[in-house]
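Enquirer: What follows is a single structure, and I will ask about it in a moment.
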Amino acid sequence: MKHVLILGARAPACLEWARAFAKTGWRVSVADSLIWPLTRASSSAHRFLRLPEPRRDQNAWINALLKAVRSEQIDLILPTCEEVFYLAHGLRKLSAFCRVFTSDFELLHGLHHKDRFSRQTAGWPIETPETKLLQSSHELKPFEEHSAAWVFKPAYSRFASRTLIRPSAQTLSRITPTPNNPWVAQRFIPGKEHSSFSILVHGKLRAHACYYSRYRVGKGSGIYFEPTDPTPIRLFLEHFGKATGYTGQVGFDFIETDSGIFHVLECNPRATSGVHLYDNQPEALVAIILPESKPPLLIPTKEARMVALAMLLFAVPRHGFRADFYRNFTNARDVIVRNGDHGPLTAQILSLSEICARAIRRRCGLLAASTADIEWDGQLLTPLDP
Numbered sequence: 322m323k324h325v326l327i328l329g330a331r332a333p334a335c336l337e338w339a340r341a342f343a344k345t346g347w348r349v350s351v352a353d354s355l356i357w358p359l360t361r362a363s364s365s366a367h368r369f370l371r372l373p374e375p376r377r378d379q380n381a382w383i384n385a386l387l388k389a390v391r392s393e394q395i396d397l398i399l400p401t402c403e404e405v406f407y408l409a410h411g412l413r414k415l416s417a418f419c420r421v422f423t424s425d426f427e428l429l430h431g432l433h434h435k436d437r438f439s440r441q442t443a444g445w446p447i448e449t450p451e452t453k454l455l456q457s458s459h460e461l462k463p464f465e466e467h468s469a470a471w472v473f474k475p476a477y478s479r480f481a482s483r484t485l486i487r488p489s490a491q492t493l494s495r496i497t498p499t500p501n502n503p504w505v506a507q508r509f510i511p512g513k514e515h516s517s518f519s520i521l522v523h524g525k526l527r528a529h530a531c532y533y534s535r536y537r538v539g540k541g542s543g544i545y546f547e548p549t550d551p552t553p554i555r556l557f558l559e560h561f562g563k564a565t566g567y568t569g570q571v572g573f574d575f576i577e578t579d580s581g582i583f584h585v586l587e588c589n590p591r592a593t594s595g596v597h598l599y600d601n602q603p604e605a606l607v608a609i610i611l612p613e614s615k616p617p618l619l620i621p622t623k624e625a626r627m628v629a630l631a632m633l634l635f636a637v638p639r640h641g642f643r644a645d646f647y648r649n650f651t652n653a654r655d656v657i658v659r660n661g662d663h664g665p666l667t668a669q670i671l672s673l674s675e676i677c678a679r680a681i682r683r684r685c686g687l688l689a690a691s692t693a694d695i696e697w698d699g700q701l702l703t704p705l706d707p
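Using the working numbering, the first residue of the sequence shown is number 322, and each one after it goes up by one.
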């Protein structure tokens, strides 16, 4: 029996992959630095591995993975969250013992950094809006008079948690870009948002899903996913694969103007919520990442999916008075509870409680606390032990 180690057990994306591999007959281990991550409670996970925090000690994290690979005879490591950057940092060391489903670190870095990514898209089928790198407060001056025409965000960021959309000059003055903490200014483009989730192997597009997040937590994190399939976005992903030779999971955010013109806003070189759109195709999902297989492009079915508990906690207070909210809620499938696997339902509460405690200790918000130990924001990484 083949054995997969899936990282980021706190993430619903990890839960989706664990169920898919278990359904296909693999032995499934999941890992995280949290004590009670979501997927630990799933019947699809045969073993849970507690890891050190990679942001705090990269060597300890890589060595813990290496020990697990050897002792548990792991065949494949599959990342789902921003630990992918630390995994890519240790790719050469780990890939000597098992397959690691990621691209190299430099490619991931170029996609993660919002200005570097913007410059890469020049001449691609879909380009970013005009984007400017900001590394000092002085560089903000030209934007003060016309700040309402721009969007400002850290060059390294996630969930849009610190994004300023068309801010006032006074609000803009509160940010302090530096060379070690750069920001970008991106021209504001009105329109409909699309997000994509794709899987590529050596640049070949193996799976592609596009969706609209009707309901969100805050400005960025979607909790309700309606499939869409704009042809220009699929063509963009095919070009992306040929241009980069990418291997792994990747997500992009797009905006479609009223005239049907698409712009790509940013790249997330990791799993995103779009993986849930394959919840009813587990065998096919696993097959597409196997190097020996040559399957046709995997596309999702058209049903909406949601994180039901998050919908009740965060969407009901804002949208619960609208009749279409309850219609949308009843028409979507929950991605957490499925086929008698009820453990993750209560695990959501345990995991949220643990993240709340971390937020209090670290004096930050919940979204920031949920990734503080695994995110990578451009800081220098420690040379690995020989």
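Heads up, the beta-carbon is just placed ideally off N, CA and C, and yes, glycines get one too. No experiment lies behind these values; they were computed from the predicted model shown.
If we count the other Cβ atoms within 10 Å of its Cβ and call it buried at 16 or more, is Lys462 buried or exposed?
Expert: By 1-based counting over the sequence shown, the position of residue 462 is 141. Classification for Lys462: exposed.
Enquirer: Buried or exposed: which applies to Lys388, given that a residue is buried once 16 or more other Cβ atoms fall within 10 Å of its Cβ?
Expert: Here residue 388 is taken as the residue at index 67 of the sequence shown, counted from 1. With fewer than 16 Cβ atoms within 10 Å of its Cβ, Lys388 is classed as exposed.
Enquirer: By DSSP's criteria, Cys588 is part of a beta bridge. Which residues make up the other side?
Expert: Reading the sequence shown from its first residue, position 267 is the one you call residue 588. Its beta-bridge partners are Phe573.
Enquirer: Rank Gln507, Tyr536, Asn601 and Phe518 by C-alpha distance to the C-alpha of Phe557 and give the top, closest one.
Expert: Numbered from 1 along the sequence shown, position 236 holds the residue referred to as residue 557. Taking only the C-alpha atoms, the option nearest Phe557 is Phe518.
Enquirer: Flag this pair as touching only if the region 322–337 and the region 594–605 have three or more C-beta atom pairs under 8 Å; answer yes or no.
Expert: With a cut-off of 8 Å, the region 594–605 and the region 322–337 count as touching, because enough Cβ pairs lie within range.
Enquirer: State the DSSP-derived secondary structure class of Ala689, mapped to helix, strand or coil.
Expert: On the sequence shown, residue 689 is found 368 positions in, with the first residue counted as 1. In this structure, Ala689 counts as helix in the three-state DSSP scheme.
Enquirer: For Leu586 versus Thr442, is the C-beta spacing smaller than 8 Å?
Expert: Looking up residue 586 in the sequence shown gives position 265. Looking up residue 442 in the sequence shown gives position 121. No, the Cβ-Cβ distance between Leu586 and Thr442 is not below 8 Å.
Enquirer: Rounding to the nearest angstrom, what Cα-Cα distance links Arg487 and Val472 in this structure?
Expert: What you label residue 487 is simply residue 166 of the sequence shown in a count that begins at 1. What you label residue 472 is simply residue 151 of the sequence shown in a count that begins at 1. Their backbone Cα atoms lie some 5 Å apart in a straight line.
Enquirer: Which one of Arg377, Ala693 and Leu618 has the shortest CA to CA distance from Ser482?
Expert: The residue labelled residue 482 in the question sits at position 161 within the sequence shown. For Ser482, the nearest C-alpha among the options comes from Ala693.
Enquirer: Can you give the Cα-Cα distance for Glu451 and Pro500, rounded to whole angstroms?
Expert: Along the sequence shown, one-based indexing puts residue 451 at 130. Along the sequence shown, one-based indexing puts residue 500 at 179. Spanning the two alpha carbons is a distance of roughly 20 Å.
Enquirer: What span of residues does the alpha helix (DSSP H) with Asp436 cover, start to end?
Expert: By 1-based counting over the sequence shown, the position of residue 436 is 115. Counting along the chain, the alpha helix (DSSP H) containing Asp436 begins and ends at Lys435 to Gln441.
Enquirer: Output needed for Ala629: all residues of its chain with C-beta closer than 7 Å, excluding positions within five of it in sequence on either side, in chain order.
Expert: Here residue 629 is taken as the residue at index 308 of the sequence shown, counted from 1. Cβ within range, chain order: Asp655 and Ile657.
Enquirer: Residues in its own chain within less than 7 Å of Trp357 by CB, not counting five upstream and five downstream?
Expert: By 1-based counting over the sequence shown, the position of residue 357 is 36. Ala668, Leu671, Ser672 and Glu675, listed in sequence order.
Enquirer: Rounded to a whole number of angstroms, what is the C-alpha to C-alpha distance between Ala362 and Val351?
Expert: Translated into positions along the sequence shown, residue 362 becomes position 41. Translated into positions along the sequence shown, residue 351 becomes position 30. Distance between the alpha carbons of Ala362 and Val351 is about 10 Å.
Enquirer: Taking 8 Å as the limit between beta carbons, can you name the residues of its chain near Gln379, skipping five residues before and five after?
Expert: One-based indexing of the sequence shown puts residue 379 at position 58. Here the set comprises Tyr407, His410, Gly411, Leu702, Thr703 and Leu705.
Enquirer: Which of the three DSSP states, helix, strand or coil, is assigned to Cys335?
Expert: Along the sequence shown, one-based indexing puts residue 335 at 14. Looking at Cys335 - three-state DSSP - the assignment turns out to be helix.
Enquirer: With a floor of 4 residues, list each alpha helix (DSSP H) that falls wholly inside the region 480–513, ordered by position along the chain.
Expert: As far as the region 480–513 is concerned, its whole alpha helix (DSSP H) runs of at least 4 residues are 490–493.
Enquirer: Among residues of its own chain, excluding the 5 on either side of Ala530, which ones have a beta-carbon nearer than 6 Å to its beta-carbon?
Expert: Here the question's residue 530 lines up with position 209 in the sequence shown. The answer, listed in chain order, is Phe518, Gly595, Leu598 and Pro621.
Enquirer: Which partner residues does His324 have in the DSSP bridge list?
Expert: The count along the sequence shown starts at 1 and reaches residue 324 at position 3. DSSP lists Arg348 as partners of His324.
Enquirer: What does DSSP give as the partner residue(s) for Pro548 in the beta ladder?
Expert: Within the sequence shown, numbered from 1, the residue matching residue 548 stands at position 227. For Pro548, which the question treats as bridged, DSSP gives the partners Tyr532.
Enquirer: Excluding sequence positions up to five away, which residues of its chain have a Cβ less than 7 Å from the Cβ of Cys685?
Expert: Taking the sequence shown and counting its residues from 1, one reaches residue 685 at position 364. Excluding sequence neighbours, Cys685 sits near Ala693.
Enquirer: Would you check if there are 3 or more beta carbon pairs closer than 8 Å linking the region 509–525 to the region 573–582?
Expert: Touching, yes, given that three or more Cβ pairs across the two stretches are closer than 8 Å.
Enquirer: Within the continuous alpha helix (DSSP H) that includes Phe406, where are the two ends?
Expert: For the purposes of this step, residue 406 is taken as the residue at position 85 of the sequence shown. It spans Glu404 to His410 - the alpha helix (DSSP H) in which Phe406 sits, taken as one unbroken run.
Enquirer: In terms of DSSP beta bridges, what is Pro475 paired with?
Expert: Within the sequence shown, residue 475 is the residue found at index 154, counting from 1. DSSP, once it has assigned bridges, lists Trp504 as partnering Pro475.
Enquirer: Which two residues bound the contiguous beta strand (DSSP E) that contains Leu461?
Expert: Position 140 of the sequence shown holds residue 461. Here Leu461 belongs to no beta strand (DSSP E), and DSSP marks it neither H nor E.
Enquirer: Counting beta carbon pairs with one atom in the region 608–617 and one in the region 636–646, are three or more of them shorter than 8 Å?
Expert: No, because fewer than three Cβ pairs between the region 636–646 and the region 608–617 fall closer than 8 Å, the two stretches do not touch.
Enquirer: So Arg479 packs on Glu404, CB below 8 Å; how close in whole Å?
Expert: Mapped onto the sequence shown, residue 479 falls at position 158. Mapped onto the sequence shown, residue 404 falls at position 83. Arg479 to Glu404, Cβ: 13 Å. No contact.
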